[in-house]
Amino acid sequence: MSFMQLADEYQTFDFQGYFASVTPEAVGASLARAGQMNCLDHRDLLNLLSPAATDFLEPMAQKASALAVQYFGRTIGLYAPLYISDFCINHCTYCGFNSKTDFPRTRLSLEQIEQEAKAVSGLGIRHILVLTGEAPAKTPLDYLEKAVALLTRYFSSVALELFPMDEDDYGRLNKAGADSLTVYQEVYERDLYREVHPKGPKSDYAFRLLTPERGARAGFRALNIGTLFGIGDPRSEAFMAGLHARFLERAFPYVEVSLSLPRMTRADGGIAPKNLHSDTGFVQTMLAWRLFMPRVGINVSTRESAAFRDQLIHLGATRYSAGSKTDVGGYSVPSNPGLEQETTVQFEITDTRSVDDVACMIRAAGCQPVFKDWEIF
Amino acid sequence: MEDRLILGDQSFSSRLLTGTGKFASKDLIAPMLEASGSELITVALRRVDPKARAQDNILAKILDSVTLLPNTSGARTAREAVRIARISRAAGCGDFIKIEVITDMQFLLPDNHQTLEATNILAKEGFIVLPDVMPDITIARQLHDAGASAVMPLGSPIGSNQGLEMAAMIQRIIDTSRLPVIVDAGIGRPSQAACAMEMGADGVLVNTAIATAQDTALAGQAFALAVKAGRMAYISKLGDQSATARDSSPLTGFLRG
Ligand code: SF4
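Chains as they are written, first to last, in the numbering used here: chain X, 1 to 377; chain Y, 1 to 257.
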């Protein structure tokens with residue numbers, strides 16, 4: 001069985017009707033049961049994501065926070081993204097790299113990637129997330145393989161956020177040294193998915209949905225999934241992402257599963273988010289996920305503001321990006337030859353603090369920043 | 001009476017083993033070690049960064065008097081565990097190795113099959129191998145034959161603080177194993193540590209409960225005392241339990257007189 005069956009089942013589910021029917025008693029009962037692995041079911045997750053649960057945020061936070069400490073300790077992992085190409089043939093209506101956006105595109109040469117790697121590893125970061133747009137002609141597999149192999153010399157863990165591939169191609173990148181895979185469905189609601197992905201390979205909903213499964217089969221030891229908040233209804237999207245994560249946990253017990261909750265910010269050329277996820281909604285999502293899946297990792301990116309990220313440490317987040325640059329060559333410009341031109345960012349960073357400042361904040365919050373938590377052995 | 005824990009060719013006066021993984025700060029580790037008297041501390045090699053600055057270097061925070069017990073956390077196969085162990089030794093972390101091969105990321109339960117395979121290889125290479133296992137008397141016997149220096153059955157899933165969920169199985173290992181038995185994982189309270197020691201365990205490893213306490217040094221001390229009390233109770237051969245009342249001066253004692 002693939003996640004497609006579950007996703008299909010919930011395409012016709014009356015989320016709004018269900019959410020409206022959730023009573024405080026039902027939320028209380030779900031919350032009371034929370035605390036162990038797999039003790040909450042789909043209904044409990046819906047209850048905890050419902051409007052009625054917003055009155056329970058504090059007790060949810062107390063329990064979620066205790067679970068995070070129990071399973072992850074008082075530690076926060078750190079990583080940084082590294083964009084190596086902004087060429088893209090997709091038409092995602094929400095993204096600054098959309099093929100219709102006119103800007104000078106860049107693809108880093110291996111030498112330029114090495115400059116970037118030196119700059120980021122110099123900041124103490126040992127976990128890197130490599131990103132590209134979707135343009136296989138510009139970033140073919142052998143280029144990506146070489147890039148990964150090069151990055152393993154500078155980082156102890158190399159994660160990928162590229163475009164969906166088949167199992168064999170993922171197998172090759174895994175062999176080259178990449179150990180984990182990030183792929184966001186962006187939006188689980190199928191009609192909306194079609195609407196915001198009008199053209200390009202990304203318009204294939206099913207191929208994208210099953211990407212994490214292909215990644216797990218290809219040998220990646222960690223999978224990170226999520227939904228891009230701002231497109232669909234935040235509550236039902238949070239539910240689908242949670243369901244997807246639990247499916248992956250069960251289907252691939254040897255894989256470490258984590259969730260991200262990117263919220264749309266204003267990107268160059270992008271559309272304004274149509275379903276804003278409020279701070280309260282964001283926190284509720286995190287808490288509900290943690291209670292539903294005590295062992296799941298939760299990543300928070302620099303899309304969020306510094307002040308907001310400071311608070312999330314106590315609410316069950318486990319990994320933070322830090323010192324991020326979301327433009328190609330952003331870490332080594334202007335010293336990187338050939339990268340003097342102004343580049344375009346994929347999304348705007350709100351927390352612009354340095355890696356050291358983020359580490360200081362984590363320490364001040366009573367946690368330990370962990371720069372290295374895996375090694376490609 | 002000298003009562004020491006013997007592992008490989010080394011002996012320890014403390015039977016409390018501790019961990020480093022979940023502390024709010026690396027700086028809390030040394031005071032915890034001092035307060036608890038723990039002489040063996042486990043470190044995930046995957047967290048060790050030889051290039052890290054001094055303030056971020058975990059090895060710099062461990063007292064010289066304490067023996068390092070590197071672990072293979074993160075390994076999903078015997079092969080990976082073996083590689084991690086070799087890297088650990090080459091990096092100067094000594095001959096001890098705690099094998100953790102986990103293929104279930106939800107409950108973090110060890111894979112006995114892969115663990116045995118890694119033990120076989122590493123014991124031959126002269127490592128002092130302490131393998132983490134699901135409690136099972138057969139694996140305990142096989143690990144002995146493979147050259148392990150102890151067997152480490154889990155009390156309950158790692159980090160769960162659920163105590164000795166597997167008590168009955170652990171008791172069988174204690175009763176039959178020729179290796180020292182160190183209960184690892186799941187111990188959340190000093191009373192549970194004491195209980196494991198009363199059952200006859202040779203030691204316990206406590207990480208989460210100490211590392212996530214408000215006062216980590218005090219928690220370390222509490223566990224150390226509990227381990228000592230449990231050990232003393234075991235050695236003293238406490239009277240056994242009975243389902244019915246037994247008068248301390250038997251009523252029919254005169255008949256034997
Ligand atoms: S979201 Fe990704 S696939 Fe879509 S336009 Fe942006 S870079 Fe391309």
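No residue lacks a Cβ here, since even glycine has one placed at the ideal position from N, Cα and C. Owing to the predicted nature of the structure, the values given are computational and were not obtained by experimental measurement.
Using a Cβ-Cβ distance under 8 angstroms, would residue i count as near chain X?
i: Y:T176; result: no
i: Y:T270; result: What is shown of chain Y runs 1 to 257, which leaves residue 270 of chain Y out entirely.
i: Y:S65; result: no
i: Y:S25; result: yes
i: Y:D184; result: no
i: Y:Q221; result: no
Beta-carbon of residue i versus every beta-carbon of chain Y: anything under 8 angstroms?
i: X:D373; result: yes
i: X:G269; result: Low confidence applies here, because X:G269 scores a pLDDT of 49, under 50, leaving its location unreliable and the question unanswered by this model.
i: X:D8; result: no
i: X:M37; result: yes
i: X:P435; result: Because residue 435 of chain X is not part of the residues shown, which for chain X are 1 to 377, the question remains open.
i: X:T75; result: yes
i: X:G366; result: yes
i: X:Q115; result: no
i: X:R290; result: no
i: X:V370; result: yes
i: X:R295; result: yes
i: X:R221; result: yes
Please classify residue i as buried or exposed, where buried requires at least 16 neighbouring CB atoms within 10 angstroms.
i: X:E375; result: buried
i: Y:F254; result: exposed
i: Y:S275; result: The question about residue 275 of chain Y has no answer, for chain Y in this structure spans 1 to 257.
i: X:G17; result: exposed
i: Y:D202; result: buried
i: X:T326; result: buried
i: X:A29; result: exposed
i: X:C95; result: buried
i: Y:T18; result: buried
i: X:I125; result: buried
i: X:M293; result: buried
i: Y:I187; result: buried
i: X:A206; result: exposed
i: X:Y254; result: exposed
Using the Cα positions of residue i and residue j, report the straight-line distance between them to the nearest angstrom.
i: X:H42; j: X:L243; result: 7 angstroms
i: Y:S177; j: Y:A140; result: 6 angstroms
i: Y:E198; j: Y:Q192; result: 10 angstroms
i: X:Q62; j: X:H314; result: 9 angstroms
i: Y:Q58; j: X:D168; result: The sequence given here has Ile at residue 58 of chain Y, not Gln. Y:I58 and X:D168: Cα-Cα distance of roughly 38 angstroms.
i: X:S203; j: X:N98; result: 13 angstroms
i: Y:T216; j: Y:A185; result: 17 angstroms
i: Y:M152; j: Y:E80; result: 19 angstroms
i: Y:G92; j: Y:R86; result: 10 angstroms
i: X:A117; j: X:G133; result: 19 angstroms
i: X:G177; j: X:G219; result: 11 angstroms
i: Y:L164; j: Y:A194; result: 11 angstroms
i: X:F56; j: X:S278; result: 16 angstroms
i: X:F87; j: X:C367; result: 38 angstroms
i: X:V370; j: Y:K26; result: 10 angstroms
i: Y:N207; j: Y:T20; result: 7 angstroms
i: X:V251; j: X:G232; result: The sequence shown places Ala at residue 251 of chain X, not Val. If you take the alpha carbons of X:A251 and X:G232, they lie about 26 angstroms apart.
i: Y:F107; j: Y:R15; result: 26 angstroms
i: Y:T115; j: Y:I99; result: 7 angstroms
i: X:T285; j: Y:I102; result: 29 angstroms
Are residue i and residue j closer than 8 angstroms when you measure CB to CB?
i: X:A119; j: X:S324; result: no
i: X:P81; j: X:L151; result: no
i: X:V187; j: X:T93; result: no
i: X:I298; j: X:S236; result: no
i: Y:P190; j: Y:A226; result: yes
i: X:F239; j: X:L45; result: yes
i: Y:G94; j: Y:A123; result: no
i: X:V22; j: X:N47; result: yes
i: X:T227; j: X:V183; result: no
i: X:G200; j: X:N90; result: yes
i: X:D179; j: X:V158; result: yes
i: X:F372; j: X:S65; result: Before going further, note that residue 372 of chain X is Lys rather than Phe in the sequence given. No, Cβ-Cβ distance for X:K372 and X:S65 is not below 8 angstroms.
i: Y:E330; j: Y:S73; result: Outside the modelled stretch of chain Y, which goes from 1 to 257, sits residue 330 of chain Y, for which no answer is possible.
i: Y:N112; j: Y:D136; result: yes
i: X:S401; j: X:S260; result: Nothing in the structure corresponds to residue 401 of chain X, since chain X is present only between 1 and 377.
**Message:** By the 7 angstroms beta-carbon criterion, what residues does the region 91-103 of chain Y contribute toward chain X?
**Reply:** T103
**Request:** May I ask you to list, following chain order, the residues of the region 346-360 of chain X that have a beta carbon less than 7 angstroms from some beta carbon of chain Y?
**Result:** none
**Interfacial residues, the region 121-155 of chain X to chain Y, with Cβ spacing under 9 angstroms** = Per Cβ criterion, the list reads S121, G124 and R126.
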